[in-house]
Amino acid sequence: MSKSPLRIGIAGLGTVGGGIIKLLNSQAALLAARCGRAIEVTAVSARDRYKDRGVDLSAYTWHDDAVGLASDDNVDVVAELIGGEDGVVKALVEAAIANGKHIVTANKALIARHGTALAKSAETANVTLAFEAAVAGGVPIVKAMREGLAANTFSRVFGILNGTCNYILSEMRETGKEFDVVLKEAQELGYAEVDPAFDVDGVDAAHKLAILTSLAFGCEVNFDEVHVEGIRHISPLDIEFADDLGYRIKLLGIARRTDKGIEQRVHPCMVPLDAPIAHIEDVFNAVVVDGDHVDTTMYEGRGAGEGPSASAVVADIMDIAAGRLPCAFTIPADQLSKMQVAPISSHVGSYYVRFMVVDKPGVFATIASALHENNVSMEAVLQRGRSENEAVPVVMTTHEADEAAMIATLETIEKNDAVVEPPRLIRIESF
Ligand SMILES: NC(=O)c1ccc[n+]([C@@H]2O[C@H](COP(=O)([O-])OP(=O)(O)OC[C@H]3O[C@@H](n4cnc5c(N)ncnc54)[C@H](OP(=O)(O)O)[C@@H]3O)[C@@H](O)[C@H]2O)c1
3 MSKSPLRIGI
13 AGLGTVGGGI
23 IKLLNSQAAL
33 LAARCGRAIE
43 VTAVSARDRY
53 KDRGVDLSAY
63 TWHDDAVGLA
73 SDDNVDVVAE
83 LIGGEDGVVK
93 ALVEAAIANG
103 KHIVTANKAL
113 IARHGTALAK
123 SAETANVTLA
133 FEAAVAGGVP
143 IVKAMREGLA
153 ANTFSRVFGI
163 LNGTCNYILS
173 EMRETGKEFD
183 VVLKEAQELG
193 YAEVDPAFDV
203 DGVDAAHKLA
213 ILTSLAFGCE
223 VNFDEVHVEG
233 IRHISPLDIE
243 FADDLGYRIK
253 LLGIARRTDK
263 GIEQRVHPCM
273 VPLDAPIAHI
283 EDVFNAVVVD
293 GDHVDTTMYE
303 GRGAGEGPSA
313 SAVVADIMDI
323 AAGRLPCAFT
333 IPADQLSKMQ
343 VAPISSHVGS
353 YYVRFMVVDK
363 PGVFATIASA
373 LHENNVSMEA
383 VLQRGRSENE
393 AVPVVMTTHE
403 ADEAAMIATL
413 ETIEKNDAVV
423 EPPRLIRIES
433 F
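At position 420 of the sequence shown (counting the first as 1) the number is 422 in the numbering used here, and the numbers step up by one without a gap.
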């Protein structure tokens, strides 16, 4: 092996950064054989120099300031595993690119916010910006779309992009427990953060979706235009109704080319039970890609955790070691188009709606007339229980309708005194 080793500087030594050091050590011979050269960690940075991380760091140069890795002459690749979209992380990545160092990161927030600009800088500096671990962790979806499926025009990419939400929804279905109870249990098990907002409010999935959209449609990353809804309002009642109607409720991120532009949306969906993605349970992630020649393909696996995340980061490092230096978003960053955005109000689809209704004369007439006025046609209606004074759930599914018409319909129905809480709407996804 005549080539000199590829030298890695690791910023962040938590779950992923620590996992990378362990993987690079345990697989050193295999990686060198596959890349034609050795991969060596030369420098590291984290907040606490004295924390026991279960790995020997004594051979590496320690940087108190992570940005110092950007000017370390013994570093060829900066692996950024701190997280967050600005501050030290952005400063480190920008400085490292400017100094001609390749970047490998697992940071979806950074790429969703600054991906286009960073990719342009990286191409100008003739270095790589790689982020396989940023989307679906150990599932190699970036490579699949950029390389294995490179000959296809994509019409849609969607997936279960957040393991925490998928775990909570799976648990709620299996146990019948409320969202808050399952969230607390998930926190105790380490499946949810102490501050769960990023996960359960859909932001994390939206970061990943924005990256997938750019890969699929050759447009600039546009996180601000992702329509985002989380799972806090999902109730065991909706999960039960979904079962009765032949659906599973999943938090999906969906990017689709429509005649109005590109839709990017993250929200709970009713997924038909005959769709393979309906059966991805627990903390697992899955991404489905529709390509014009390959048809539909699905990729499933662990979206987080030390091993899966390190596996993805090291695969990116191996590409650099072997001299494979693809464009971050498949095509050169200055050729990415401005996205023509299809707003959520122009979405056309079927809907599940649940009303809590007191059985009073006239309420069904109001529902029927609101549907008629807005040209929304009902597919099925279900009512659970009957009680003179207590509200009971009434569930309706619709045929395809405009989102704007659907919202107008619900606004009219909600005004009826017999409807005692805001209607719950969940989009039905067809596959
Ligand atoms: N965890 C996963 O399974 C997973 C999966 C896919 C992607 N990711 C992404 O990978 C990245 C890292 O996640 P993680 O789970 O490994 O995080 P983590 O366990 O919280 O580790 C973060 C590391 O960053 C260090 N750090 C924090 N602020 C720093 C600063 N200003 N300067 C230098 N180091 C600093 C911390 O140092 P101390 O240890 O000294 O506190 C810690 O070692 C994030 O972008 C995350 O979204 C994670």
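Positions of the beta carbon are idealized from the N, C-alpha and C atoms, including for glycine.
As the structure is a prediction and not an experimental result, all values here were calculated from the model.
- The Cβ atoms of V223 and A208 do not sit closer than 8 Å to each other.
- Judged by DSSP secondary structure, T118 falls within the alpha helix (DSSP H) whose first and last residues are K110 to T126.
- In the structure shown, A306 adopts coil according to DSSP, grouped into three states.
- For ligand 1, a non-hydrogen atom lies closer than 7 Å to the CB of V90.
- Annotated three-state conformation of D292 is strand, per DSSP.
- Residue environment for H295: exposed (fewer than 16 other C-beta atoms within 10 angstroms of its C-beta).
- Taking C-alpha positions only, T44 is separated from N76 by approximately 7 Å.
- Here R115 is buried: its Cβ has 16 or more other Cβ atoms, across all protein chains shown, within 10 Å.
- It is roughly 6 Å from the alpha-carbon of K362 to the alpha-carbon of A420.
- Between Y353 and T414, the beta carbon gap of about 15 Å keeps them out of contact (Cβ cut-off 8 Å).
- Straight through space, the alpha carbons of L26 and K122 are spaced by roughly 29 Å.
- For a cut-off of 8 Å, the C-beta gap from I279 to I430 is around 14 Å, too long to register as a contact.
- Leaving aside the five residues that flank A93 on each side, the residues in its chain whose CB is nearer than 6 Å to its CB run, in chain order, V69.
- Annotated as proximal: N418 and T368, with beta-carbon spacing under 8 Å.
- For K186, the enclosing alpha helix (DSSP H) covers residues F181 to L191.
- Our two residues, R250 and S60, have alpha carbons roughly 50 Å apart in a direct line.
- Around the C-beta of A153, fewer than 16 other C-beta atoms lie within 10 Å, and the residue is accordingly described as exposed.
- Taking all protein chains in view, the Cβ of S47 is crowded by 16 or more other Cβ atoms within 10 Å, so the residue is classified as buried.
- Separation of I428 and V355 (C-alpha to C-alpha, rounded to the nearest whole angstrom) is 6 Å.
- Pairing L185 with V202 gives a Cβ-Cβ distance under 8 Å.
- DSSP places G161 in the strand class (E or B) of the three-state scheme.
- Two segments are said to touch when three or more pairs of C-beta atoms, one from each, lie closer than 8 Å; by this definition the region 130-144 touches the region 296-310.
- Assignment of beta strand (DSSP E) within the region 43-92, counting only whole runs of 3 or more residues, yields 79-82 in chain order.
- For I84, the Cβ falls inside the 7 Å cut-off from some heavy atom of ligand 1.
- When the beta-carbon positions are compared, I99 and L112 stay at least 8 Å from each other.
- For A93, the shortest separation between its Cβ and any heavy atom of ligand 1 does not lie below 7 Å.
- DSSP, reduced to helix, strand and coil, places L33 within a helical segment of the structure shown.
- Assigned with DSSP and collapsed to three states, Q266 falls in strand.
- The closest CA to that of V291, considering only L151, E96, C37 and H104, is found on L151.
- Straight through space, the alpha carbons of M341 and I264 are spaced by roughly 7 Å.
- T17 has its Cβ nearer than 7 Å to a heavy atom of ligand 1.
- A direct Cα-to-Cα measurement between T107 and T299 gives close to 26 Å.
- Beta-bridge partners assigned by DSSP to C271: K252 and R429.
- P310 and G232 have their alpha carbons spaced roughly 25 Å apart.
- Taking E381 as reference, the option from I319, A218 and A403 with the minimal CA-CA separation is A403.
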